[in-house]
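A short worksheet on the structure shown next.
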Amino acid sequence: MAKKIPVTRFPDAAAVTYSRALQKMIRELGKETIILFEKYLEPDLAMRKDGQEFINDDLFDSLKKMFQSLKNTAAKIFASTKKERAVKTFINSVNRFNKHNMEQQLKVNGIDPVENESWLEEFIKSKIEDNVNYIVTIEEDYFRDIELIINEGVKKGSSIKEIRQQLIGRVEITENRAKFIAIDQAGSILGQITAQRHQNIGVNRFKWLTSADERVRESHKELNNKVFLYSDPPEVNGRVVIPGQDYRCRCVAIPVFDD
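Shown next, in the form of structure tokens:
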């Protein structure tokens, strides 16, 4: 009777930790945004009636001071060392988690894991670069939208309360984006590492396994428990993918050992 292979597990803890690290930076920046809004713009905006356009040299100066102060603060909150530390911790956690998981799978079949993984260093380096760039994009998009909210609010004569609510809402949107990136990257990195390690030990086929919850999309449910070749993975919505490679995918690949 064939021994049961332990399932490939999704690195939930690593994804949650990464998500929290990103959200912490975003919340700090959001808090500073409101503080600086109150300091630099509220006094000028309070001088005009709601619904009235109010743009003068003093307000423009206040806008410049606010945005410059916010950028200076963001440079500290999103310092390169902080971004790299969060990313490296995350990617190394996913790697260690997967390596231990795979060792348990190979042990069942009496296969020794490959100790020399010459490809791994370059792979991790590229993923660190990718994820640092994702964080930079989050920061840049946040600034663009904050400036737009404030400039448009001032031009339209929006109330202080309305502008503040929009600023708070933008922080929530940015936090949700961070959550998406954490799950998406956890699945993508796991999928690629798993595929590489499988093929390095001669495993050329895998069984697709979903997370079996309400968040699984229909196109992935159709692939559940089906076996595929790594050289011929399935197509999902026009994209050829392996488990974890689709957007925000938490599916995993179970090794299929040849008899």
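No gaps in the numbering here: position 66 of the sequence shown is 66 in full-length UniProt numbering, and each next residue is one more. Backbone N, C-alpha and C define an ideal beta-carbon position, used for all residues, glycine too.
Check, Outcome
"On the CB-based measure, 16 or more other CB atoms within 10 Å of its CB, does residue 34 come out buried or exposed?", "exposed"
"So what's residue 242 in DSSP terms, helix, strand or just coil?", "coil"
"Note down, in chain order, each residue of its chain lying with its Cβ closer than 6 Å to the Cβ of residue 205, except the 5 sequence neighbours on either side.", "227, 229, 256"
"For residue 47, count the other beta carbons within 10 Å of its own beta carbon; 16 or more makes it buried, fewer makes it exposed. Which is it?", "exposed"
"Using 8 Å as the threshold, is the C-beta distance between residue 71 and residue 135 below it?", "no"
"Check the C-beta distance from residue 9 over to residue 92 and give it rounded, since I have them as a contact under 8 Å.", "So it is not a contact: roughly 17 Å between Cβ atoms."
"Specify, as a first and last residue, the run of the alpha helix (DSSP H) that residue 206 falls within.", "Here residue 206 belongs to no alpha helix (DSSP H); instead the beta strand (DSSP E) covers 205-209."
"For the alpha helix (DSSP H) that residue 183 lies in, which residues bound it at each end?", "160-200"
"Could you tell me whether the Cβ atoms of residue 142 and residue 184 are closer together than 8 Å?", "no"
"Rank 110, 97, 103, 212 by C-alpha distance to the C-alpha of residue 12 and give the top, closest one.", "97"
"Give the DSSP-derived three-state secondary structure of residue 111 in the structure shown.", "coil"
"How is the beta strand (DSSP E) around residue 253 delimited, first residue to last?", "252-256"
"Quick one: grab the DSSP three-state call for residue 229.", "strand"
"Given this structure, state the Cα-to-Cα distance separating residue 150 from residue 60, to the nearest angstrom.", "11 Å"
"Quick one: grab the DSSP three-state call for residue 152.", "helix"
"Identify every residue that forms a DSSP beta bridge with residue 235.", "240"
"What first and last residue would you give for the alpha helix (DSSP H) that runs through residue 76?", "57-77"
"Are there 16 or more other CB atoms within 10 angstroms of the CB of residue 188, so buried, or fewer, so exposed?", "buried"
"In this structure, how does DSSP classify residue 33 when only helix, strand and coil are distinguished?", "helix"
"Can you tell me where the alpha helix (DSSP H) with residue 4 in it begins and where it stops?", "That residue, residue 4, is in no alpha helix (DSSP H); it is neither H nor E in DSSP."
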